[in-house]
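Data block below; observations after.
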Amino acid sequence: MNRIVHGDNLNVLRKMKSGSVELIYIDPPFNTGKRQARKQMKTVRDEAGDRIGFGGQRYRTEVLKVQAGGTGYGDQFGDFLGFLRPRMEAAYRVLSPTGSFFFHIDYREVHYCKVMLDEIFGRECFQNEIIWAYDYGARSKKRWPAKHDNILWYTKDAERYTFNLEECDRIPYMAPGLVGAKKAARGKTPTDVWWHTIVSPTGKEKTGYATQKPLGVLERIVKIHSNPGEKVLDFFAGSGTTGEAAAKHGRSFVMVDESEDAIRVMKQRLANWLGHRRIKR
Ligand SMILES: C[S@@+](CC[C@H](N)C(=O)[O-])C[C@H]1O[C@@H](n2cnc3c(N)ncnc32)[C@H](O)[C@@H]1O
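The sequence shown runs 1 to 281 under UniProt numbering.
Structure (structure tokens):
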């Protein structure tokens with residue numbers, strides 16, 4: 001049964017049955033120290049602009065409006081690991097014996113989080129650090145622009161877990177001339193570096209929720225790391241990207257968030273896969 005749950009995820013996790021979920025993906029606040037809020041942007045032609053568009057024209061990006069309150073949330077923790085640890089321990093408990101856990105973070109905190117997750121899951125159960133690489137937004141002139149996030153993959157059992165590589169979408173070869181025409185046409189499976197564009201600020205995937213992650217990234221995780229009919233949990237669910245990926249591929253979902261905005265966005269986004277009485281408070 002698909003469910004959206006409104007509340008602090010620690011309370012929700014504590015009520016869930018041990019070993020009841022096959023796949024967990026979470027994308028907690030990154031401890032950026034900023035308030036995450038929806039921005040309305042406009043691109044304007046400007047000879048001195050930092051972006052180059054069609055035909056080599058230069059553009060700059062102007063922020064028209066930052067929506068205060070609305071779809072924003074605070075992203076600053078005095079003790080980030082102290083906040084995360086009890087939630088990660090609870091996640092470990094609810095994960096099934098052959099389940100997978102995906103933790104999405106960025107360069108500011110990934111090293112601290114990995115040490116903590118090694119302690120909870122065991123170093124032997126760390127499987128991969130996936131780098132989600134994108135290329136969008138301002139480019140620093142003082143250091144290399146950071147254009148990637150880190151997704152840590154842990155399993156409950158070091159050897160027994162789901163990995164449906166044959167379900168994976170394929171990507172083009174970098175040098176198709178070096179492989180035969182048949183291979184080049186088929187493409188190859190990705191490595192632990194996933195190039196995928198961010199959610200386009202003007203595209204139809206966009207819900208308006210700050211920090212919404214791309215559906216394509218979540219679909220890959222859901223299809224390869226779970227089987228149809230299994231349960232997928234996201235307890236920092238935001239706009240419900242994980243729920244949409246799960247439902248599209250025949251998995252059930254449990255989406256948890258403490259923000260009313262997130263619940264409102266998810267109710268709308270996941271309406272096709274929800275009965276009215278399945279939104280708990
Ligand atoms: C980075 S966003 C998730 C975005 C999501 N992956 C998406 O694609 O839209 C983090 C979310 O965690 C939620 N959150 C933060 N602390 C929470 C808590 N203690 N319990 C439940 N949700 C929480 C915030 O409200 C926010 O929606």
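Even for Gly, the Cβ is constructed at its ideal location relative to N, Cα and C.
Please read these numbers as outputs of a predicted model, since none were measured by experiment.
For ligand 1, is there any heavy atom lying closer than 7 Å to the beta carbon of residue i?
i    : result
K204 : no
Q212 : yes
T197 : no
S259 : yes
G122 : no
F236 : yes
D27  : yes
S239 : yes
N150 : no
N9   : yes
Y107 : no
A262 : yes
V256 : yes
Y209 : yes
Determine, for residue i, whether the minimum Cβ-Cβ distance to residues of chain E falls below 8 Å.
i    : result
D192 : Of the protein chains in the structure, only one exists, and it is not chain E.
Residue i bridges to which residues according to DSSP?
i    : result
K129 : Going by the sequence as given, residue 129 is Glu instead of Lys. Note: E129 sits in a beta bridge opposite L152.
Y25  : F102
F253 : V232
L95  : V21
I171 : K188
At a threshold of 7 Å, does residue i count as lining ligand 2 (C-beta to nearest heavy atom)?
i   : result
G99 : This structure simply doesn't include ligand 2; it includes ligand 1 instead.
Compute the beta-carbon to beta-carbon distance between residue i and residue j, rounded to the nearest angstrom, for a pair I have assumed lies under 8 Å.
i    : j    : result
V5   : V179 : Contact flag wrong, Cβ pair sits at about 47 Å.
V217 : W132 : 6 Å
M266 : S239 : 7 Å
F30  : R108 : 6 Å
Y136 : T202 : In fact, because the Cβ distance is near 12 Å, the residues do not count as touching under 8 Å.
E22  : E244 : So it is not a contact: roughly 18 Å between Cβ atoms.
To the nearest angstrom, how far is the alpha carbon of residue i from that of residue j?
i    : j    : result
I221 : F103 : 11 Å
R93  : K156 : 9 Å
Q127 : S100 : 10 Å
V12  : A184 : 47 Å
R14  : F83  : 15 Å
I151 : G177 : 32 Å
R170 : K213 : 20 Å
K182 : S20  : 43 Å
S96  : G250 : 18 Å
H148 : F235 : 22 Å
L274 : R160 : 32 Å
G122 : D27  : 21 Å
V199 : A271 : 21 Å
R269 : G78  : 33 Å
T242 : A262 : 13 Å
K141 : T211 : 24 Å
E258 : R87  : 14 Å
E119 : I24  : 18 Å
K114 : A175 : 34 Å
V232 : R85  : 21 Å
D8   : Y173 : 44 Å
L215 : S18  : 28 Å
G70  : T207 : Because G70 sits at a pLDDT of 48, beneath the cut-off of 50, its placement in the model cannot be relied upon, and the point is left open.
T191 : D106 : 19 Å
N2   : C168 : 24 Å
> Whole beta strand (DSSP E) runs in the segment 178 to 244 with 3 or more residues, listed along the chain?
Replying inline: 193 to 195, 231 to 234
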